[in-house]
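A.B. asks:
In full-length UniProt numbering, the protein residues as written are 1 to 180.
1) So, under 8 angstroms CB-CB, residue 177 and residue 145 are touching, yes? Tell me the CB distance rounded to an integer number of Å.
2) What did DSSP end up calling residue 87 once you bin it into helix, strand or coil?
3) Applying the 10 Å Cβ sphere with the 16-neighbour rule, what's the burial state of residue 12?
4) Only counting the same chain, and skipping five residues up and downstream in sequence, which positions put a Cβ closer than 7 angstroms to that of residue 28?
5) Per DSSP, what are the beta-bridge partners of residue 115 in this structure?
6) Just how far apart, CA to CA, sit residue 26 and residue 45?
7) Return helix, strand or coil for residue 175, following the three-state DSSP convention.
8) Rounding to the nearest angstrom, what Cα-Cα distance links residue 149 and residue 87 in this structure?
9) Could you tell me if residue 169 is buried or exposed, where buried requires 16 or more neighbouring beta carbons within 10 angstroms of its beta carbon?
10) In the structure shown, what three-state DSSP assignment does residue 144 receive?
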């Protein structure tokens, strides 16, 4: 396996190149908004471009109402729900994003799958949490900046996911930043 040098791994100006613009165009509608892809869909990339797809499963966990659905929707270009509702099962948001890795001089297409489930559904149905945990690459622990109890629950949530091993990326994310 080839080791990458330290520093920025991505070429941030690559998006302005002809190939970068072609790939971005295939991921957007005519008005510039992101295309939304279902679980069985994928982007129709230009045939002139050789791209390796790299898939990641990212699980969002947190107390009810911290904004798991809104965060996943925001990160994937879906509309953010106006009203709060608890997710009744498992919801998967999918996002494709291209990047050029500088040291390897290769273009990759990241296929990011954000999984989340409602807290009550996970407690009620035994199969939901194992299905969410199966094959994950990253866990995002969400807490609300306006609800201290959701932050206090972080250590317990992190402990519930320690059996997954050390190769799982763990990220804590604060949501609902108070603007006033």
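Ideal Cβ placement from N, Cα and C applies to all residues, glycine included.
C.D. replies: The answer reads as follows:
1) Contact between residue 177 and residue 145 holds, since their C-beta atoms are separated by about 5 angstroms, short of 8 angstroms.
2) Residue 87: coil per DSSP, three-state reduction.
3) An exposed status is given to residue 12, since fewer than 16 other beta-carbon atoms sit within 10 Å of its beta-carbon.
4) Contacts found: 34 and 35.
5) Note: residue 115 sits in a beta bridge opposite 59 and 92.
6) The C-alpha of residue 26 lies about 6 angstroms from the C-alpha of residue 45.
7) Strand at residue 175.
8) In this structure, the CA atom of residue 149 is about 20 angstroms from the CA atom of residue 87.
9) Counting of Cβ neighbours within 10 angstroms places residue 169 among the exposed residues, the total staying below 16.
10) Secondary structure at residue 144: strand, using DSSP grouped into helix, strand and coil.
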